[in-house]
Amino acid sequence: MFEIGFMENIILTVPLGLLIKRSFPQISIISMAILGFFIGGGIETTQYYLSHIFLINRTSDINDVIANGIGIVIGAILMITYELLTNRKVFSESRQR
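Take 1 as the starting number for the sequence shown in UniProt numbering and just add one per residue.
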């Protein structure tokens, strides 16, 4: 279904989504998706220009932008899930005391 490069782009940008959501918890998932696609576009634009300036063997593709955006959103969702699970533990421990 997906090629390995698509999955690699998702996996490589998940930590960025975690970091952004941890640093700015007030950002919504919709905003994270928009930000993710802008960041993905920036990454691919940089890759495009570097491939022409330094003649590196890299190509830019819209699928990579989409994969980067998906990875950032997945990272944000994982951070939200982590925070919900850790907050529930704290609340359940305080009720037992």
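Heads up, the beta-carbon is just placed ideally off N, CA and C, and yes, glycines get one too.
Of all Cβ atoms in chain C, is any one closer than 8 Å to the Cβ of residue i?
i, result
"Arg58", "Considering every chain present, this structure includes no chain C. It has just one protein chain."
When burial is assigned at 16 or more other CB atoms within 10 Å of the CB, is residue i buried or exposed?
i, result
"Glu3", "exposed"
"Asn57", "exposed"
"Ile30", "exposed"
"Met7", "exposed"
"Ile11", "exposed"
"Thr13", "buried"
"Gly40", "buried"
Any heavy atom of the ligand MG closer than 7 Å to the beta-carbon of residue i?
i, result
"Ile74", "Ligands displayed in this structure: none; no statement on the ligand MG is therefore possible."
Measuring straight from C-alpha to C-alpha, what distance separates residue i and residue j?
i, j, result
"Ile70", "Arg22", "17 Å"
"Asn63", "Asn87", "36 Å"
"Leu84", "Gly75", "14 Å"
"Val90", "His52", "No answer about Val90 holds up, because its pLDDT of 44 lies below 50 and its placement is not dependable."
"Glu44", "Tyr82", "30 Å"
"Leu50", "Met79", "32 Å"
"Met32", "Gly17", "8 Å"
Give every residue of the same chain whose Cβ lies closer than 7 Å to the Cβ of residue i, excluding the five residues on either side of it in the sequence, and list them in chain order.
i, result
"Gln47", "Arg58, Ser60"
Please go through the same chain and pick out, in chain order, the residues whose beta-carbon is closer than 6 Å to the beta-carbon of residue i, but skip the five residues on each side of it.
i, result
"Gly36", "Gly69, Ile72, Val73"
"Asn9", "Asp64, Ala67, Asn68"
**Item:** Segments assigned alpha helix (DSSP H), at least 4 residues, entirely inside the UniProt domain "VanZ-like" (7-80)
**Value:** 29-53
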